[in-house]
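In this note's numbering, the protein residues as written are 488 to 951.
The beta carbon of each residue, even a glycine, is placed where N, CA and C say it ideally should be.
To keep things clear, I will list the structure first and then write my remarks on it.
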């Protein structure tokens with residue numbers, strides 16, 4: 488019997504294990520090893536005083552089908568809930584202003600809606616609207632999102648509209664983030680249409696959606712009892728004897744035609760194939776330097792979220808929408824706020840209010856050394872300015888995610904390709920899946936893991 492070891496028991500590792508288990512191949516066994524005492528990964532749902540509070544991810548895109556498909560396979564389709572409202576706002580130091588209708592990741596497609604927006608000056612709008620006739624010359628090399636969009640629309644529109652959205656997704660700096668590793672659709676669109684505004688005017692044709700607008704209603708999904716039900720269901724579907732907690736892998740070594748995994752507790756396990764379902768910092772620890780060097784010194788951003796519960800819905804006179812993103816034209820600590828009672832009404836008791844604030848940007852590490860109370864005070868100070876909110880919350884739930892978000896900086900695809908070549912040459916039948924590689928979203932991680940599980944199963948079947 489061939490044995491597959493999965494290192495990492497978060498969503499990626501569990502999805503891979505589930506895929507192997509569903510294959511029902513009696514000639515293959517698998518085991519999952521997780522360093523923590525649980526298998527929830529970054530998922531954590533707290534139930535408190537009638538509130539449902541997500542301290543990790545709160546939803547996933549339905550457009551990327553891997554998430555919905557896995558939920559359906561697990562028998563949880565009846566538990567799916569779509570977001571109730573779509574419009575989002577941007578706070579730019581002067582107030583909360585809606586993202587113009589027709590915007591796709593902050594990129595305007597509706598001239599009239601852009602003309603009405605108060606986020607950009609008249610001069611900035613005029614320059615941006617010239618994008619439709621501005622020549623585009625294809626380039627050979629990858630570029631940053633910031634440079635790419637600034638060349639098309641000008642710096643003001645990038646800073647005022649595009650950056651808050653794109654930086655928020657990756658908690659990154661769009662002047663470092665790779666165009667081809669994050670949103671290759673934009674380059675494909677402009678090469679076909681000669682203009683982003685023209686090409687994105689029909690988002691369905693480029694497999695994208697308007698963002699933060701009325702049309703975003705129903706674009707996201709969560710589960711009625713919290714998103715942590717997803718890893719819980721995966722664990723419940725797997726044989727318990729294959730799941731091992733408090734087992735931190737510290738080194739992967741070749742042994743004969745297979746591998747030996749060394750753990751922090753001194754134990755060892757052998758395998759014919761290995762899936763490292765973890766971020767690249769784990770890869771750097773497990774593999775030799777020559778193989779993992781493309782990921783050396785690649786950053787992981789530390790994030791935090793703080794949820795505040797309020798006794799009455801009218802504590803803040805909020806507009807209809809999901810919340811807001813914060814423009815980086817000023818040095819605010821919060822990067823976004825979700826109005827949970829509006830986006831996900833089922834998570835909040837009637838008449839109550841729940842706000843979820845986000846903190847953390849690429850290159851910052853102050854969250855790691857700041858106390859919970861200091862974080863709470865920072866966010867409440869921003870809320871006072873941004874929403875005029877001065878009421879004392881019923882309670883706060885603080886969540887820290889140290890070194891959680893990989894940065895897909897310029898050249899990411901080339902680094903990833905080099906790493907995979909090294910891996911294939913030096914560690915046959917060892918693969919990776921997770922946020923550091925080919926997409927950071929929940930459906931992306933599920934897709935990667937399930938694809939790798941199928942590939943590894945095929946490879947071990949060929950081993951004598």
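The count of Cβ pairs closer than 8 angstroms, one atom from the segment 840–849 and one from the segment 817–832, reaches three, so the stretches are in contact.
Shortest Cα-Cα distance from residue 815 to any of 557, 513, 627 and 579 involves 579. For residue 493, the CB contacts under 6 angstroms within the same chain, skipping 5 residues up- and downstream, are 500, 503, 504, 519, 762 and 764 in chain order. Rounded to whole angstroms, the Cβ separation of residue 773 and residue 651 is 36 angstroms, and the two are not in contact under 8 angstroms.
Annotation: residue 676 is outside any beta strand (DSSP E); the continuous alpha helix (DSSP H) that includes it extends over 671–680. Leaving aside the five residues that flank residue 937 on each side, the residues in its chain whose CB is nearer than 6 angstroms to its CB run, in chain order, 502 and 506.
Where residue 796 is concerned, the enclosing beta strand (DSSP E) starts and stops at 787–797. Inter-segment contact for the segment 529–536 and the segment 741–753 is absent: fewer than three beta-carbon pairs are separated by less than 8 angstroms. Residue 518 sits in a strand when the DSSP states are folded into three classes. A direct Cα-Cα distance of roughly 40 angstroms separates residue 542 from residue 912. Within the same chain, no Cβ atom closer than 7 angstroms to the Cβ of residue 951 is found once the five residues on either side in sequence are excluded.
By the Cβ test, the segment 582–590 is not in contact with the segment 719–729, since fewer than three Cβ pairs between them sit closer than 8 angstroms. Going by C-alpha positions, residue 565 is about 44 angstroms away from residue 634. In the assembly as shown, residue 625 is an exposed residue. Its beta-carbon has fewer than 16 other beta-carbons within 10 Å. Close CB contacts of residue 715 within its chain, under the 7 angstroms cut and outside five residues either way in sequence, are with 527, 530, 531 and 532 (chain order).
Spanning the alpha carbons of residue 791 and residue 488 requires a straight line of approximately 44 angstroms. With respect to the 7 angstroms criterion, residue 644 and residue 615 are classified as neighbours on the basis of their beta carbons. Leaving aside the five residues that flank residue 596 on each side, the residues in its chain whose CB is nearer than 6 angstroms to its CB run, in chain order, 589, 684, 687 and 688.
Residue 607 and residue 647 do touch by the CB rule: their CB atoms are close to 5 angstroms apart, below 8 angstroms. Sorting 810, 779, 524 and 673 by C-alpha distance to the C-alpha of residue 582 places 810 at the top. The residues 813 and 869, in chain order, have a CB closer than 7 angstroms to that of residue 819 in the same chain once the five nearest residues on each side in sequence are set aside. Contact between the segment 548–567 and the segment 925–945 is present: 3 or more CB-CB pairs across the two stretches fall below 8 angstroms. Rounded to whole angstroms, residue 591 and residue 649 show a C-alpha spacing of 9 angstroms. Between the beta-carbon of residue 801 and that of residue 881 there is about 15 angstroms, and that puts the pair past the 8 angstroms contact cut. Excluding its 5 nearest sequence neighbours in each direction, residue 662 has C-beta neighbours in its own chain below 6 angstroms: 631 and 633, listed in chain order.
The residues 623, in chain order, have a CB closer than 7 angstroms to that of residue 681 in the same chain once the five nearest residues on each side in sequence are set aside.
Residue pairing by DSSP places residue 892 opposite 788 in a beta bridge. With respect to the C-alpha of residue 835, the residue from 496, 509, 724 and 537 having the closest C-alpha is 537.
According to DSSP, residue 568 shares a beta bridge with 709. Apart from the 5 residues on each side of it in sequence, residue 887 sits with its Cβ closer than 6 angstroms to the Cβ of 791 in its chain, given in chain order. Restricted to the segment 528–598, the beta strand (DSSP E) segments that are unbroken, complete and at least 3 residues in length are 532–535, 538–541, 567–569, 575–578 and 583–585, listed in chain order. Per DSSP, reduced to three states, the secondary structure at residue 773 is helical.
Secondary structure note for residue 760: its beta strand (DSSP E) is the uninterrupted segment 760–763. For residue 947, the enclosing alpha helix (DSSP H) has its first and last residue at 929–947.
For residue 863, the enclosing alpha helix (DSSP H) starts and ends at 859–874.
Cβ contact annotation for residue 720 (same chain, cutoff 7 angstroms, sequence separation greater than five): 561 and 563, in chain order.
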